[in-house]
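*Asks:* Heads up: the sequence lines are chains X, A, S and L, in that order.
Residues 1 to 370, numbered by UniProt numbering, are exactly what the first sequence covers, in order.
Residues 1 to 370, numbered by UniProt numbering, are exactly what the second sequence covers, in order.
Residues 1 to 370, numbered by UniProt numbering, are exactly what the third sequence covers, in order.
Residues 1 to 370, numbered by UniProt numbering, are exactly what the fourth sequence covers, in order.
Here a beta-carbon is modelled for each residue, glycine too, at the ideal position from N, C-alpha and C.
Before I ask anything, here is the structure I am working with.
Protein chains: 4
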Amino acid sequence: MSAPGIGLIGTGFMGKCHALAYGAVRAVFGDVPTPRLELLCDTPSDKASAMAGQFGFARATVDWRALVSDPAVDIVCITTPNKLHAEMAIAALEAGKHVHCEKPMALTLDEARAMTEAAKKSGRRTMVGYNYIRNPAYQHARRLIGEGAIGRLIHFRGFVDEDYQADPDLPWTWRATKAEAGLGALGDMGCHMLSMAIGLMGPISSVIGDIRTVHETRPSPEGGERRPVENDDIASAILTFAGGQQGLFSTSRSAWGRKNSMIFEVHGTKGMIRFDQERMNELHLFQNSGPSAEQGFRTILTGPAHPPYGNFTPAPGHQLGFNDLKTIEAAEFLRAIAAGTEAWPSFRDALAIEEVIHAIAASQGRRIDL
Amino acid sequence: MSAPGIGLIGTGFMGKCHALAYGAVRAVFGDVPTPRLELLCDTPSDKASAMAGQFGFARATVDWRALVSDPAVDIVCITTPNKLHAEMAIAALEAGKHVHCEKPMALTLDEARAMTEAAKKSGRRTMVGYNYIRNPAYQHARRLIGEGAIGRLIHFRGFVDEDYQADPDLPWTWRATKAEAGLGALGDMGCHMLSMAIGLMGPISSVIGDIRTVHETRPSPEGGERRPVENDDIASAILTFAGGQQGLFSTSRSAWGRKNSMIFEVHGTKGMIRFDQERMNELHLFQNSGPSAEQGFRTILTGPAHPPYGNFTPAPGHQLGFNDLKTIEAAEFLRAIAAGTEAWPSFRDALAIEEVIHAIAASQGRRIDL
Amino acid sequence: MSAPGIGLIGTGFMGKCHALAYGAVRAVFGDVPTPRLELLCDTPSDKASAMAGQFGFARATVDWRALVSDPAVDIVCITTPNKLHAEMAIAALEAGKHVHCEKPMALTLDEARAMTEAAKKSGRRTMVGYNYIRNPAYQHARRLIGEGAIGRLIHFRGFVDEDYQADPDLPWTWRATKAEAGLGALGDMGCHMLSMAIGLMGPISSVIGDIRTVHETRPSPEGGERRPVENDDIASAILTFAGGQQGLFSTSRSAWGRKNSMIFEVHGTKGMIRFDQERMNELHLFQNSGPSAEQGFRTILTGPAHPPYGNFTPAPGHQLGFNDLKTIEAAEFLRAIAAGTEAWPSFRDALAIEEVIHAIAASQGRRIDL
Amino acid sequence: MSAPGIGLIGTGFMGKCHALAYGAVRAVFGDVPTPRLELLCDTPSDKASAMAGQFGFARATVDWRALVSDPAVDIVCITTPNKLHAEMAIAALEAGKHVHCEKPMALTLDEARAMTEAAKKSGRRTMVGYNYIRNPAYQHARRLIGEGAIGRLIHFRGFVDEDYQADPDLPWTWRATKAEAGLGALGDMGCHMLSMAIGLMGPISSVIGDIRTVHETRPSPEGGERRPVENDDIASAILTFAGGQQGLFSTSRSAWGRKNSMIFEVHGTKGMIRFDQERMNELHLFQNSGPSAEQGFRTILTGPAHPPYGNFTPAPGHQLGFNDLKTIEAAEFLRAIAAGTEAWPSFRDALAIEEVIHAIAASQGRRIDL
C-alpha cells in the first residue's frame, strides 16, 4: 500500500491533531508511505466540507458508515466522543480497514473486549492513541531502563492532573455521566499514565483503588436544579506490577494549576528517572555513579540523540510539541501496516489498560487481582 | 522560669541540632527566656566533656538518669536512638521535667501510649521534634488554607524520600531491625510528612497501606552471611482525612537522588499549594483568580512577611536553613512552658501520628479505621 | 491570490522547517490561503526530486534562478547558506516574488542594504525568519508590556547560548570564516535575541560591544595545520534603547550545556517578565500587586488564552514545538501578502537588527551610535 | 588566644548576623577557639543593654571608641552604616585589634586605601564580610574549577538583583546619597558578585561600565518637594579578567521579584557551572563527558561531600541558611587569627573589589584599566 487512504471521523481537538499528523508524517519521516487524506466525516454537511478544505482532505461526508466502507479508505481514524468508539471501530474492522482510535478505547470493558475480538478476527492493524508514549524523552527513559542504567526497578509513581473540572461553578456537561463519558478522570487522563507505567514497568497484576467525586453536583446548563456528577473527579491507587514492584498512581481533573501534568518517577537500585509532561522536552536522570560530590539529577534536553527527535529538527533543545507526538504515532502505525506487524499499543494492549482503570474504579479500597 | 536549664541527652545529628537551637534561640527571638545550657549527657565520659565544651554546656555526665533528675535541669532534650525515647521521657516526666523529644516518638504504639500517659500525669509540657512544620513556608501554607485562599480542601498528596538506604551493597545496620529501629522509612521519615499532612488537612480517619522491603537482605558488616532487613524500605498509603478528603502518601529510604525530599500538594476548590523541602524557602501557590492568561503557580520566596522568618534576617529571600527550624521549635517550646499551655505537637499529638504509621505498617492492603 | 505557489530553495535544517510550515499552515489556521507547494530547489537533481517527494512539492529543480522566475511561484523561501541570501532574494524580488528569507539576512551590511532597497523597489512583501518572536509566550509578553502590566520599562537583559562550537577539538568548518559565515555567534544566534529585544523594548540607539574568539584555531578537517577561526565565539554588549533604557546582551556558541538557551528579562517599574526558550511554553511574570506575602514569579503555561496557541490545540499546557513557530510565521506572511500590508519583520526591520550586530562586532569597547 | 573577646558595633541586620555567628561558631566547628561575646555597642544606652542581653554579650556601651580600645576585646566586628567603617576600622587596628568589617568596605576609594594601609601597619588580621563566598556550593565550584572539571575558563556572567528600591513611590532615604551610602546597587550588592567573580576567575584587569539611576527622584519622607537620587539603581559592565576572559556583570536594586538573586555562570572548554543564591543549596554543573544522550546540567544538592556543610548537619540536602554563611566566615577569621595568617578576603583583597566597583561607576562607557 504505497499511499494508504485516510478516513478521519471527527474534526475537534483530536480530529485536528490526526489531520495534522497524517498531513505531516511523510515530510517528517522520509521512510513511511505518503498517506492520502481521502475522506473526512463530520456533521453537518457544510462543516464537513469546510473542514475537509481546511485539513486538505479530498472529500467530505456526514455518514461515518459510508466512510468506513469507502473503498478508497484504508485507515480509519476515530476521534469522536468515547461512546461511539466501539461501534465505529468494529464496523471499520469488519469492513477490512485498519483502525487508529483515540483513547480511551471505549466506555465499558465489554465494549473494549468486543473491539479487541473484532480486531483479532479482522486481521487488520489497530492502534489506540496513547500519544505521550511517543515522546523521545519517554522512549529514552525506556531505553535507559532496558540498558540497566538505573538497575533493578523497585518502585513507580505516576500522577496525571488537569484542572478543567476544578471550578465548582462550572456547568454540568455530558462528561459527568457514565452513559456518555464512562469513567471520569480515570478514563480521560488516567489511562494515559497507565500506558506510560506499563511501558516502563511491565504489566500490572493488582490494584487497590479509591475514587472520589469531589464536586457531587454541578449547575444545570439550562438553569433549574443542580445535576449529579456520576463519575470520578479524583482516582488514586496502589498498584502492584507483575515484577512485584509497588506503584502509586493518582489522577485528578480538579487539580487547579495543572494543565497537562503527567509526572512519573521510576525508582531503581542504581538510579531514578523522572519526567513531567508539562516540560515534555526534558528527562531527569539520577545515577549513583561518579564522585558523590558531583552527583545530582541531570536535566537532559531531548535532541537528535533521542530518536526520532532528529526527524523534526537536527538541533538539540529546540523542542517538540504536543502535535508532533501524534505525527510519530502516525508513522508507527503506517510502519506497522506496511510491515504487517502488530502496532503498539494495539486494541489488545489497550484492553489491558482498560482492565486496570475499571478495576481501580470498582475497587473501593480492596485489592483486585488482574 | 526566667532561665530554664537545658539537659541534653545525645550529641549526634539531632543532639548538635538541639544544642545549636537552644544556644541561639534567645538571640534570635528577643521575647523568649534565655535557656541555660546546663548539663550534657553522652558516653564515654571524655566525649561528654568534650562535647559539653564545644556546645557550651556547663556540665557533662554519662548518666542519663542523673541528668533527668538534676535539680538545675528544667527541660530534658532527648536525641538518643529511638528505642531509648520512652524510658528516658517517662523518667524525665516523673522527675517533673518538661520533655523535648526527637521523632519518632517511640518504637511501638505501647511505648508511645505510655509516654502520653506519663505526660498527662506529670502536668509538664512535652514536644516532639517535628521541625519541618516550623518552616515559615509551611506556616504560611497553613495560614493560606485557614484564610480560604484555596477554597474547600479536596485532596492531599505527600511524599518523603531519601536515598540513605538505596544502595543494595550498603552493609546491614541496626536500622534494619524492628527491635532497634522499629518501623523503617515510615518511622524515620514518613512520620514527618504525616505531621505536615495533619497540620494542613486535620486528623486522618482511615488508611490503606502497603509496605515493601526492596532490599531484603544486606551484607553483614562482620562478613559472613547476609542479614535480613526487617522493616519497610518503601511505604505507601491511601489516606482518608476526617474531613472526608482522599490523601495519597508515600515514603522511601531507597529513592536515589532524593536527599531530603518532602513534597506536599494541597488541592482546593479555588487553588493549590505545593511545597518541597529540598527548596525549603519557597512556597508554590496557584489561585483561580485574575485573568486566565496571567494565571500560574507563583513561587513565593519566604521573607519577613512570613513569620518568624524576620527574626532571623530582615531581608526576604535570604534563606533559612535546616538548623533554624529547630531554633523556631525551641522558641515555641519555651513559650509554651512560660505560658503554661500545651505545645504543638505534644506527646498526645504525636501519638496520633504514631497510630497512623503503625496502621499503615499493619494494613497489608486493607482499610484500617483510626 | 487564493492559493499562492511556494518555491523553496534549500532542504536542510530550515528548509524542512519551511516545508512543514507551509504544508500545515492552512490546516492549523483556517483563515489563511492554502499554499501550493509548487517547486523545490536543491542539488543534485536526484536529491531535489527525492525531497520534493518527501515534502509534498509538485516539482523539483536544481536551478534556483529557474525557481525565482517560475510563473507558478508566488513566494520564494530562502533557506540556503547565508552567503547566498542576498543574490537570491534580490533576484526573486526583481522577478516580482514575495520573499521569505531565513536569518541572518545577509553576510554584510552592504548586502542587507541592497536587499532592503530591492524590496522597496519591488513593492513585494518580505519577511525574515525570526521565528522565536512568533511564540505565544513572547507575544503575550509584548501584550503585557503594552498594557502596562509591568509599568514603565527600565532595563533589559538578553542572552542566547548554544554549545555547538564549545568543543575545542571540533574540526574547522566554513562557520569559522568571514567569507562564508560572516559574523559568528552574533550572526547565527545573537540576531534572534535582538529581534526579541527590539520587539519588546523598541529600537536600539547605541551599543558598546566586546567580541571574543575563544577557540582561535581549530583542527583542519583534512589534517595538517590547524586553521584560524575568524569570527566571534562570544559577543557581549551594553545596549541603550531609544527609550533611554540600558540593556545587557550576550551570546555564545561555546556555552556547554546550552542547546537553545534564549533568556530575556524585561524589568519595569511595576514588575518583571522573564522567558527562556528552552522552556518555550512558559512565561514568568512578577507583578508588584496583591499582598506581599503572596507575591512571587508566576509560571504561566501557554494555552488558548495566548493566541494563536489555540489554533494548534484547544488544551492549555499541551505545548507547542519549534516547528510550530515557523507555521505561525508562515501564516503571518500569507496574511500580509493577502492584505497587501508590510510583514514584520520585513527586510527593512531586519536591516535594523543587522546594523546592531555589525556595530557590536565593530565596537571594540567603544560606544557606537546607531 | 584561646577565647578571643568579641566587640560588636551595631545590632541591626548584620549586627545580629555577627552575634549569631560568633555565638554558634564553636558549637558548629569543634576546632576553633571559643569566642567570648564581650562588649556590644549601640545607641541609645538602653538599647545597647537590651541587645547585649538578647545576644548574650557580657557588657554594653554606647561609645564605639571605648569598645575598640577595650582590653578585653580582641576582635572588633563593624556592622554600622558604611560611612562609619573607615574611621572605626582604622581606630580598632590602631588599638591593636583584629577587624571583621561588613561590606562594602568604605564609601570611597580613599577610605578603603587608608583602611588597607592601617591594616598593613597594624600587623593585625582583617576580614571583609563577603559571606556568600563561604557557601559550600560556591566553595565546591572553586574546587571543581581548580581540578579542571570544566576545562580552561573562557567566559563569566554574574548578576545580582534585589527589589528593595524597585517601587518608584518609595520615600527617599540616606541610601540615595553619595555622602551617606556612596555607590548604590554597586556598593550594596554588586561588590558581593565581584567577590564571587574574582574568587572563581581571578583578578579583573579592565572594565567598561554603564550605570543608571532609573528613579531619579523620590518623594521626600517629610513631604514637600521630591528629592534627588544620587547613585546607581542599575549598573552593568563588560569585564576583562587578568586571564584574558570576558565577563559580563550587572546589578540592580530595582529588579521586581528578585529578593537575593545572585546568579553566576562560569563557562569552560569542558563544561559550565551555574549558581543562584536564591537556591543557595544547589550547584548546577554541566560536563561534556559520558554519552551525549545522557548529558545535561546536574543539580547538585550540597551535603557533607561539600565542606564545611557537614559541620552543620551530617545529612545531605538538609539546607544551610543565610546566617550559617556568617558562621563559616567567623570560623575562617578565628582560624586565620589563631594561625597568624592573612584571612581571605582581607582589607587588601577587598580594596581590589572597591577598585572595580568605583571604576565601573566612573567609566561612562569607556574601558578603564585596573
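Taking the C-alpha atoms as reference points, what is the distance between Arg227 of chain L and His215 of chain L?
*Replies:* 11 Å
*Asks:* Taking 8 Å as the threshold (C-beta atoms), are Ser363 of chain X and Val160 of chain X in contact?
*Replies:* no
*Asks:* Just curious, the beta strand (DSSP E) that Ile9 of chain A is in, first and last residue?
*Replies:* 5 to 9
*Asks:* For Asp74 of chain L and His85 of chain A, what's the separation of their Cα atoms in angstroms?
*Replies:* Asp74 of chain L and His85 of chain A: Cα-Cα distance of roughly 43 Å.
*Asks:* Does chain A have any CB closer than 8 Å to the CB of His306 of chain S?
*Replies:* Cβ-Cβ to chain A under 8 Å: yes for His306 of chain S.
*Asks:* Between which two residues does the beta strand (DSSP E) carrying Gly268 of chain S extend?
*Replies:* 261 to 268
*Asks:* Alpha carbons only, please: which of X:Ile300, X:Glu294, X:Gly321 is nearest the one belonging to Glu278 of chain X?
*Replies:* X:Gly321
*Asks:* So is Pro345 of chain L buried or exposed if we call it buried at 16+ other beta carbons inside 10 Å?
*Replies:* Buried, by the Cβ-count rule.
*Asks:* Beta-carbon within less than 7 Å of Leu93 of chain X's beta-carbon, same chain only, minus the 5 sequence neighbours each way: which residues are those?
*Replies:* Around Leu93 of chain X: Val99, Ala118, Ala119, Ser122, Arg124.
*Asks:* What residues in the region 350 to 367 of chain L bring their beta carbon closer than 9 Å to a beta carbon of chain X?
*Replies:* none
*Asks:* Three-state secondary structure (DSSP) at Arg298 of chain S?
*Replies:* strand
*Asks:* Where does Asp276 of chain A fall in DSSP's three states?
*Replies:* strand
*Asks:* Is there a Cβ from chain L that is less than 8 Å from the Cβ of His98 of chain X?
*Replies:* no
*Asks:* Would you tell me roughly how many angstroms separate the C-alpha atoms of Gly365 of chain S and Leu109 of chain L, rounded to the nearest one?
*Replies:* Going by the C-alpha atoms only, they are around 25 Å apart.
*Asks:* Do you know how far the Cα of Arg274 of chain X is from the Cα of Ile234 of chain S?
*Replies:* Between the C-alpha atoms of Ile234 of chain S and Arg274 of chain X there is a straight-line separation of about 34 Å.
*Asks:* Looking at the structure shown, is Ser122 of chain L part of a helix, part of a strand, or coil, going by DSSP?
*Replies:* Judged by DSSP in its simplified three-state form, Ser122 of chain L adopts helix.
*Asks:* Take Gly52 of chain S and list the residues in its own chain whose beta-carbon comes closer than 7 Å to its own, dropping the five residues that flank it on each side.
*Replies:* Looking at the sequence itself, residue 52 of chain S is Ala, so the reference to Gly does not match. Result list for Ala52 of chain S: Leu40, Arg59, Ala60, in chain order.
*Asks:* With a threshold of 8 Å between beta carbons, is Pro171 of chain X in contact with chain S?
*Replies:* no
*Asks:* From the DSSP secondary-structure annotation, give me the bridge partner or partners of Cys77 of chain S.
*Replies:* S:Leu8, S:His100
*Asks:* Chain S beta carbons: is any one of them nearer than 8 Å to that of Glu117 of chain A?
*Replies:* no
*Asks:* Give me the subset of the region 189 to 219 of chain A whose CB atoms are less than 7 Å from a CB atom of chain X, sorted by chain position.
*Replies:* Ile208, Asp210, Arg212, Val214
*Asks:* Using a C-beta cutoff of 8 Å, does Pro168 of chain X count as contacting chain A?
*Replies:* Yes, contact with chain A.
*Asks:* Considering only the alpha carbon of each residue, which of L:Phe249, L:Leu8, L:Gln287 lies closest to Ser254 of chain S?
*Replies:* L:Gln287
*Asks:* Strictly under 8 Å for the Cβ-Cβ distance: is Ser49 of chain L near chain S by that measure?
*Replies:* Ser49 of chain L does not count as touching chain S.
*Asks:* Kindly indicate if chain X contains any beta-carbon less than 8 Å away from that of Gly278 of chain S.
*Replies:* Residue 278 of chain S is actually Glu in this sequence, not Gly. So yes, Glu278 of chain S belongs to the interface.
*Asks:* Report the rounded CA-to-CA distance for Asn281 of chain X versus Ser49 of chain L, giving the unit in angstroms.
*Replies:* If you take the alpha carbons of Asn281 of chain X and Ser49 of chain L, they lie about 59 Å apart.
*Asks:* For a contact defined as C-beta to C-beta under 9 Å, what are the partners of Ala112 of chain A on chain S?
*Replies:* Per Cβ cutoff of 9 Å: no residues; Ala112 of chain A is ~36 Å from chain S at best.
*Asks:* Can you check whether the CB of Leu186 of chain L is closer than 8 Å to the CB of Gly268 of chain L?
*Replies:* no
*Asks:* What are the boundary residues of the alpha helix (DSSP H) that includes Arg142 of chain X?
*Replies:* 136 to 146
*Asks:* Looking only at its own chain, which residues have a Cβ that is under 7 Å from the Cβ of Thr217 of chain L, when we skip the five neighbours before and after it?
*Replies:* Arg226, Arg227, Pro228, Val229
*Asks:* Can you tell me the Cα-Cα spacing of Ile6 of chain L and Asp63 of chain L, whole angstroms?
*Replies:* 15 Å
*Asks:* Considering only DSSP beta bridges, list what Gln246 of chain A is partnered with.
*Replies:* A:His155, A:Thr240
*Asks:* Express the C-alpha separation of Thr327 of chain X and Phe55 of chain S in angstroms, rounding to a whole number.
*Replies:* 14 Å
*Asks:* Under the DSSP definition of a beta bridge, which residues are partnered with Cys41 of chain S?
*Replies:* S:Ile9, S:Thr61
*Asks:* In angstroms, rounded to a whole number, what distance separates the CA positions of Ser289 of chain A and Gln295 of chain A?
*Replies:* Using only the alpha carbons, I get a separation of about 7 Å.
*Asks:* Hey, Met201 of chain L and Gly243 of chain L: beta-carbon distance below 8 Å or not?
*Replies:* yes
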